[in-house]
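Scroll down for the structure; my scribbles are underneath it.
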Amino acid sequence: MIRKLLLSLIVLSACAPGVRAAQGVPQRLTGVVSVTFPSAPRATRVGDQQNYLVQTDTCAWLAQAKPYAENGQVHDSITLASFYEGMAKGVLRAAKGTETHRSDIRIGGLPALEIEYVKGDSRSLPATVCSRALKVNGQIVIVSFTAPTQLYYKLVPVRDKFFASIKLDQDSTLRSYPPYVRVDSVVPAGATVQAAAPDSTAVSKQAPVPFMRSHAGSVIKMFGLLILVCALIYGFAVYTRRKG
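First residue of the sequence shown: 22, per this note's numbering; consecutive thereafter.
Structural data, given as structure tokens:
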């Protein structure tokens, strides 16, 4: 009983110090994406990646935004699934985590990824991380919530409130991958499409080949020509013998 009471107090106090949970602090991550933190986040920048973090003794709220170069590639929903698959593998490899859940979700109508995993080693208590990743308008946005694994499921409402605060500017043009289209079926603007020639073999039956033009007929003709040559040689030999 005392242990449960202590856990409850930890859950209440872990995310409470300095946190204005009532209203929160909105933070714009990109030109079209924002999220509300429980208090003013600490902003840092590593290369071209922008990080925003709120951390207590127990919980952590993190949002990251990084430009993504298209490199002139043709993208579709199939490559988007492959992209998220590679991202999930990269996250697990970097965190040395064990995956517990993964699902395809939608944020603001755009396809996104949710992944949950447990990280920790012999020197630290296990922590559960849940992240949502979204590619939009040339940016990769990752929003994550972390809590001790022992307390994680008691803090699910806190996590869900954080994720629910992710907002996309609906007045802007939101660009992700278009629906799947085969690359070889894409026609450049202004190009003319030629009608395919009808397949005559599918309409009419092919005319029969004469026997002497067939393979068997060719063999017979070659055999006959060989006999003729042999006969000429034999006749020439007999003729020269008689003359001699």
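The beta-carbon is built from N, C-alpha and C at its ideal position, and this holds for glycine as well. It should be emphasised that the depicted structure is a prediction, and the values quoted were computed from it without experimental measurement.
Buried versus exposed call for residue i [16 or more other C-beta atoms within 10 Å across all chains shown]
i    : result
I126 : exposed
R180 : buried
P88  : exposed
L155 : buried
R66  : exposed
P178 : exposed
R153 : buried
L146 : exposed
C-alpha gap between residue i and residue j, whole angstroms
i    : j    : result
P62  : P47  : 9 Å
F104 : S60  : 32 Å
D142 : S193 : 44 Å
A64  : L74  : 7 Å
Q44  : T100 : 38 Å
V70  : T57  : The sequence shown places Gln at residue 70, not Val. Roughly 19 Å separates the two Cα atoms.
I136 : L83  : 14 Å
Local conformation of residue i per DSSP, three classes
i    : result
R114 : helix
I254 : helix
V177 : helix
T51  : coil
6 Å Cβ shell around residue i - same chain, five flanking residues per side excluded
i    : result
K188 : S55
G68  : none
Close-in-space but distant-in-sequence residues of the same chain around residue i (CB under 7 Å, 5 per side omitted)
i    : result
T119 : Y138 and V139
Below-8 Å beta-carbon distance, residue i vs any chain D residue
i    : result
L113 : Of the chains in the structure shown, none is chain D; there is only one protein chain.
Beta-carbon contacts of residue i that lie in its chain and below 8 Å, excluding the five residues immediately before and after
i    : result
Q191 : G129
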